[in-house]
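Enquirer:
There are 4 protein chains.
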Amino acid sequence: MVKRIQKIPFEKLTPSGTSTLSPFNKPIATVKPGEEVEIETWDAFGGCIKTEQTRAQALEKGVKVPVNPVTGPIYVEGAEPGDSLTVEILGIELPSSGATTISPGFGSLEGWLNLMIPRTRISEIKAGKVLYRTDSGRIVEVTAEPFIGTIGNSPVYEAINTLTPGPHGGNMDCPDIRPGNTLILPVNQPGALFGLGDVHAVQGDGEVGGSAIEIPAVVKLRFGVKRHYPIAWPRVESPEEIMTVCSAKPLEDAARLAHRELVNWMVADYGWARDDAYMFQSIAAKSRIAQIVDPLYTVVAKMPKKYLKP
Amino acid sequence: MVKRIQKIPFEKLTPSGTSTLSPFNKPIATVKPGEEVEIETWDAFGGCIKTEQTRAQALEKGVKVPVNPVTGPIYVEGAEPGDSLTVEILGIELPSSGATTISPGFGSLEGWLNLMIPRTRISEIKAGKVLYRTDSGRIVEVTAEPFIGTIGNSPVYEAINTLTPGPHGGNMDCPDIRPGNTLILPVNQPGALFGLGDVHAVQGDGEVGGSAIEIPAVVKLRFGVKRHYPIAWPRVESPEEIMTVCSAKPLEDAARLAHRELVNWMVADYGWARDDAYMFQSIAAKSRIAQIVDPLYTVVAKMPKKYLKP
Amino acid sequence: MVKRIQKIPFEKLTPSGTSTLSPFNKPIATVKPGEEVEIETWDAFGGCIKTEQTRAQALEKGVKVPVNPVTGPIYVEGAEPGDSLTVEILGIELPSSGATTISPGFGSLEGWLNLMIPRTRISEIKAGKVLYRTDSGRIVEVTAEPFIGTIGNSPVYEAINTLTPGPHGGNMDCPDIRPGNTLILPVNQPGALFGLGDVHAVQGDGEVGGSAIEIPAVVKLRFGVKRHYPIAWPRVESPEEIMTVCSAKPLEDAARLAHRELVNWMVADYGWARDDAYMFQSIAAKSRIAQIVDPLYTVVAKMPKKYLKP
Amino acid sequence: MVKRIQKIPFEKLTPSGTSTLSPFNKPIATVKPGEEVEIETWDAFGGCIKTEQTRAQALEKGVKVPVNPVTGPIYVEGAEPGDSLTVEILGIELPSSGATTISPGFGSLEGWLNLMIPRTRISEIKAGKVLYRTDSGRIVEVTAEPFIGTIGNSPVYEAINTLTPGPHGGNMDCPDIRPGNTLILPVNQPGALFGLGDVHAVQGDGEVGGSAIEIPAVVKLRFGVKRHYPIAWPRVESPEEIMTVCSAKPLEDAARLAHRELVNWMVADYGWARDDAYMFQSIAAKSRIAQIVDPLYTVVAKMPKKYLKP
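Residue numbers (my numbering), protein chains in the order written: chain Z, 1128 to 1437; chain D, 1128 to 1437; chain S, 1128 to 1437; chain F, 1128 to 1437.
1) With DSSP run on the structure shown, which of helix, strand or coil describes F/Ile1278?
2) Between Z/Ala1286 and chain S, is any beta-carbon pair separated by less than 9 angstroms?
3) Considering only DSSP beta bridges, list what S/Thr1247 is partnered with.
4) Is it true that the CB of S/Gly1333 sits closer than 9 angstroms to the CB of S/Gln1418?
5) Could you work out which residues of chain Z lie near S/Lys1139, taking near to mean beta carbons separated by less than 8 angstroms?
6) Alpha carbon to alpha carbon, what distance is there between S/Pro1317 and S/Arg1131?
7) Between the alpha carbons of Z/Ala1339 and Z/Ser1250, how many angstroms are there, rounded?
8) Output yes if chain F places a C-beta closer than 9 angstroms to the C-beta of S/Leu1242; else output no.
9) Please state the DSSP three-state secondary structure of S/Asp1262.
10) Using a Cβ-Cβ distance cut-off of 9 angstroms, determine whether Z/Met1299 contacts chain D.
11) Kindly say whether Z/Ser1235, judged by its beta-carbon, lies nearer than 9 angstroms to any beta-carbon of chain S.
12) DSSP has D/Tyr1434 in a bridge; who is on the other side?
13) Within 9 angstroms (strictly less), CB to CB, does Z/Pro1377 reach chain F?
14) For Z/Ile1216 versus Z/Lys1413, is the C-beta distance shorter than 9 angstroms?
15) Between which two residues does the alpha helix (DSSP H) harbouring D/Ala1319 extend?
16) May I ask which residues mark the beginning and end of the alpha helix (DSSP H) holding S/Tyr1397?
17) Is the distance from the Cβ of D/Met1430 to the Cβ of D/Val1372 below 9 angstroms?
18) In chain Z, which residues lie with their C-beta within 7 angstroms of the C-beta of F/Gly1079?
19) With S/Ser1235 and S/Val1426 assumed to form a contact (beta carbons below 8 angstroms), what rounded beta-carbon distance in angstroms separates them?
20) With 9 angstroms set as the bound, which would you pick, yes or no: does the beta-carbon of F/Gly1144 sit closer than that to a beta-carbon of chain Z?
21) Within 8 angstroms, do at least three Cβ pairs link the region 1386-1399 of chain Z to the region 1141-1157 of chain D?
22) Based on Cα-Cα distance, which residue from D/Pro1306, D/Ile1201 and D/Val1314 lies nearest to D/Gly1218?
23) Ends of the alpha helix (DSSP H) at F/Pro1142?
24) Considering only residues of the same chain and omitting the five flanking positions on each side of S/Ala1382, which have a CB-CB separation below 6 angstroms?
25) Using 10 angstroms around the beta-carbon of S/Lys1177, count the other beta-carbons present and answer buried if the total reaches 16, otherwise exposed.
26) Name the DSSP bridge partner or partners of D/Phe1350?
27) Counting only the same chain and skipping the five closest in sequence on each side, list residues whose C-beta sits under 6 angstroms from that of D/Gly1279.
28) Check for me: the beta strand (DSSP E) holding S/Ala1156 runs from which residue to which?
29) Three or more C-beta pairs under 8 angstroms: does that hold for the region 1163-1179 of chain Z against the region 1189-1198 of chain Z?
30) Quick check: what's the CA-CA separation for S/Lys1134 versus S/Cys1175?
31) Please list, in chain order, the chain Z residues whose beta carbon lies closer than 8 angstroms to that of S/Pro1150.
32) Between S/Ile1146 and S/Leu1290, is the Cβ-Cβ spacing less than 9 angstroms?
33) Evaluate the contact criterion for the region 1259-1277 of chain Z versus the region 1320-1335 of chain Z: three or more CB pairs, one atom per stretch, below 8 angstroms.
34) State the DSSP-derived secondary structure class of D/Tyr1202, mapped to helix, strand or coil.
35) Would you say S/Gly1238 faces chain D, with C-beta separation under 9 angstroms as the test?
36) From the DSSP secondary-structure annotation, give me the bridge partner or partners of S/Ile1219.
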């Protein structure tokens, strides 16, 4: 039987509790390396957006909605500082709808489009498709490609809000953190103190308007511990690629960090010379702008595995 | 018979002549909309890198190599300011090898890797494959995906060097400007005063080390004129996608410009409402970091055509 | 008699304790609004740099030096969220010497100068002068203009490291936070949970190499509480100017935030119309680049008081 | 008798002529090193803003106003590539009023303040004072501190628009280029091909709204040539300071360039060791944000001369 970790009750969602990744919070559950775990998550709005009018109404009334709550901390047995935590993503269960919003003062084009009012779109999700309804009433079908938007371990000694990504993971909004892939995270505290939330049914590169198809979800994971394998930033492995996920401002610094981490990985684990790995990335690296709307921006740099070994 | 435009003789490569896109240069050829044209181009080094030792030697000896020379200006009959120029890319003929270099003071990781000496790698190109030879002598096969790195029209009234991309096109290093796709450029001068060069046999996203597989080439094109169709930035159409190509610093501004242009295109040609187009990009837009090594950085924003119309 | 708060003993300096501003730490002292307080501070290196050879040796030996420790949290009676804390800086007692370092991988020009080894310079401080000894042995006299580099309140719900500045204050490295001036800080927690350290005997604009004349010090302050006066970012008042202190990346965003805060201040407290305040800043605002070496960069925007009222 | 160069007649103001610094334009006058010259300049709007209603009206009617026209090119006898041109600023004659504007889509806070309409303020200038009239009708007196906003030589082989600053000078909007100081510019073409315009009666740091007190003026200059003294970026000398003026995006890159140039100057002309000059700037350099509204942003780094020599 699969272990299930329920989401934190709504009334227990608090800024310092569920809106941070932090060494100061007490674990809500303990898991063993190797066991399968199902984890329930709130959407990024703590479930508060129920209709296309909710957000504007909430802002009007000054209602505070929980900010990007995570389910955690989860204590992973045996994980120690200096290790890495592997998180195999086995599956994501989709709900029947998801919300997208744009708001004044937020989103990558805000300064240019001069939005005056927040807008919300609720999209139905059916048979693996997101059904986006345009202003003119046309339904556009987009294949669901669900992934985990916010996922990470406790930082070394800071409490970092769940809107911000960093070396500890956090709000990376990276579509490559999806079923079939494995996320690798630095362990900074005994037990890792892992948390996750903010699942998206599908997202465009950059998440340019500030939110994707935001959903509550049930995520199936398997944890593992790589002993004495310290890494500086989150990494992802798919069957075909190795990937590094770095966050910074301006965006070019996120890209530079990600490509440098990729150089470091090629050198440490695949025997490339440093300059050679660098030069080869000019020819064969791929990358993705994960998001340009959070307090730091996120880029994923990728190298196909087929090039790495003879 | 296909019209062929030969490359400028080496001794006639000059900074203000072949290393700018400019209204001040005289056309070297005239073409008609609709006719097929073959154009020969130098590689980005003006053909000066003949062995893996050349670049270091040239720098040592103070030899000046031509900087990213273009073949042009080419006068397109009937193109007038306010029109757009379409450039259908029909094919790119590959040579038998290409050069890649990294150099102190250049490339996205330069400040972090502290390169001390320039390095050059010559890769054989055979049967559609680039054969990259690692430091340890292993051959890595990368499929050639050739495209035009520098391509554009004359600016409105400036002479812009061919290392810099902008609204006029230029050194965008965008892999989507490839056979099968059509580039659309603003026309700023009668005849457009088109030029191109800097073909790459293949390139990683970001061109992080500063050069790809740099090759001389023969490019087959067909020009067209869209009357009274003014655009602000270069665009690309593939059979599946519409794309906008914008350049700025920092990199997030290139991304913002590209997504804004994509909003504008969806509004003008496909009937979307502005905010709706913006919100939908959070869900379904794709993007690519073309390069982060030129004086301005380039991002391509993309929208699948299947979503645009019922 | 002036109340004196001693610095934290060296063996009690810890990352989560003295290298964060945080709601999770227990106050080490309580002060009343209006009373004069003397506070002892460590220098940014926790007193570990004793000779010009220490830093290189410490790095060699892997010795961990405390990172920018602060003295705090200090609980200010009566300060509540929604209030502002005023901190009158009455005086700074200078020691007899201070340390300056540059290090590989740190400082604004690091990527360009390719430093290979860390360097430390110890400067004598005498009669209000810093005596900087150049490589060639010449003594350059620079007038001491001491100020507090790191100073702030607890954030709302995060624990933020003391290297990073922000809306809560922190490592702003702003030379205007000096004797004769008053700093105004947002209060986010009951008692404010104030901390300070990292005093500089003098600093150039930008602190470009990454450290100034770093000193331990005794700082004399008087606290006050402005009731129901919420502010978004730290502010400073001198007898002649009002100033806003904002931190962001890239640097232009720090400048924009600071000038926007200055607009807001002119509107709220001096009765200017918003656009008028903005336009007038083009004519009469001053600014200072405080630092470009910390995780976020800091700009101070200033408006002479003589222009604000009839 | 002082030689006088008249401003270009309004009907001869053209984009490629007076709105570029360029090697492609023919000199309008020749001057000798050492002789005093008076040069007339248009304001940044080519004199088109005559009332506080003009700009909005012009935009409404689609009238094109000349963009930041310069008086030039002026050929300086004997100046050759590899030399530097010195420009002693002897005086600036003020008119009786100047214009300030803010406009939608322009200015550092535009994205945040959502301006809907352009606004213009005409300020009287009298007895060395600018009399700014606030929205509420109060007159604020600001001391005039006139300087030259746009000033430079021809670039090496490009034609660069006069809104953009760079190594050649251009639209630096640097208040230190004022009477009593000497500007030093790289010479890229025989005769330097110098031009200037865009004088400001006074300007706040950053020119945050996008324009200062914009005036037509008569500027008195004396040119000189420093033989075989190549420099990379513009420099300024006042009686008390040496200064470097660099432009880039993001703003921190402008600051880095300026401080690096200052290191280079201290090394080349004052005998400092490189790392020593760098470290000392952390202690004693000053800087100024000249502007954050042009296509590249400008920072001035400064070092008091009293520290440079024994």
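Just so it is clear, CB atoms sit at the ideal spot from N, CA and C, and this is done for glycine as well.
Expert: The structure says:
1) DSSP places F/Ile1278 in strand when its eight states are reduced to three.
2) For Z/Ala1286, the nearest CB of chain S lies under 9 angstroms from its own CB, placing it at the interface with that chain.
3) In the DSSP output, where bridge partners are listed per residue, S/Thr1247 has S/Thr1228.
4) Yes; because the gap between Cβ atoms is below 9 angstroms, this pair is in contact.
5) Residues of chain Z passing the Cβ test: none, with the nearest at roughly 15 angstroms.
6) About 22 angstroms.
7) Going by the C-alpha atoms only, they are around 11 angstroms apart.
8) So yes, S/Leu1242 belongs to the interface.
9) Reduced to three states, the DSSP call for S/Asp1262 is coil.
10) It does not; no Cβ of chain D falls within 9 angstroms.
11) Chain S, which has no Cβ nearer than 9 angstroms to the Cβ of Z/Ser1235, makes this no.
12) Looking at the DSSP assignment, D/Tyr1434 forms no beta bridge with any residue, so it has no partner.
13) Chain F has a Cβ within less than 9 angstroms of the Cβ of Z/Pro1377.
14) No, the pair does not count as a contact, with Cβ atoms beyond the cut-off.
15) Per DSSP, D/Ala1319 is not a residue of any alpha helix (DSSP H), being assigned neither H nor E.
16) Residues Leu1378 to Tyr1397.
17) Their beta carbons are not under 9 angstroms apart, which means D/Met1430 does not touch D/Val1372 by this criterion.
18) Residue 1079 of chain F falls outside the range modelled here, since chain F spans only 1128 to 1437, and no answer is possible.
19) Going by Cβ atoms, the distance from S/Ser1235 to S/Val1426 rounds to 14 angstroms, so no, they are not a contact pair.
20) Any Cβ of chain Z closer than 9 angstroms to the Cβ of F/Gly1144 would place that residue at the interface, and such an atom is absent.
21) Per the Cβ contact rule, the region 1141-1157 of chain D is not in contact with the region 1386-1399 of chain Z (fewer than 3 Cβ pairs under 8 angstroms).
22) For D/Gly1218, the nearest C-alpha among the options comes from D/Pro1306.
23) Unbroken alpha helix (DSSP H) run through F/Pro1142: Pro1142 to Thr1145.
24) These residues qualify, in order along the chain: Val1426.
25) Its Cβ having fewer than 16 others within 10 Å, S/Lys1177 is exposed.
26) D/Val1214, per the DSSP bridge assignment.
27) Excluding sequence positions up to five before and after D/Gly1279, its CB lies within less than 6 angstroms of the CB of Leu1148, His1295, Gly1296 and Gly1297, all in the same chain and listed in chain order.
28) Per DSSP, the unbroken beta strand (DSSP E) holding S/Ala1156 starts and ends at Ala1156 to Val1158.
29) Judged by pairs of C-beta atoms under 8 angstroms, the region 1163-1179 of chain Z touches the region 1189-1198 of chain Z, as three or more such pairs exist.
30) Approximately 15 angstroms between the Cα atoms of the pair.
31) The answer, in chain order, is Ser1143.
32) According to the sequence as given, residue 1146 of chain S is Ser; it is not Ile. It is a contact, given that the beta carbons lie within the stated cut-off.
33) Contact holds: three or more Cβ-Cβ distances are below 8 angstroms.
34) When secondary structure is reduced to three states using DSSP, D/Tyr1202 falls in the strand class.
35) Using a Cβ-Cβ cut-off of 9 angstroms, S/Gly1238 counts as an interface residue toward chain D, since at least one Cβ of chain D sits closer than that to its own.
36) Per DSSP, S/Val1346.
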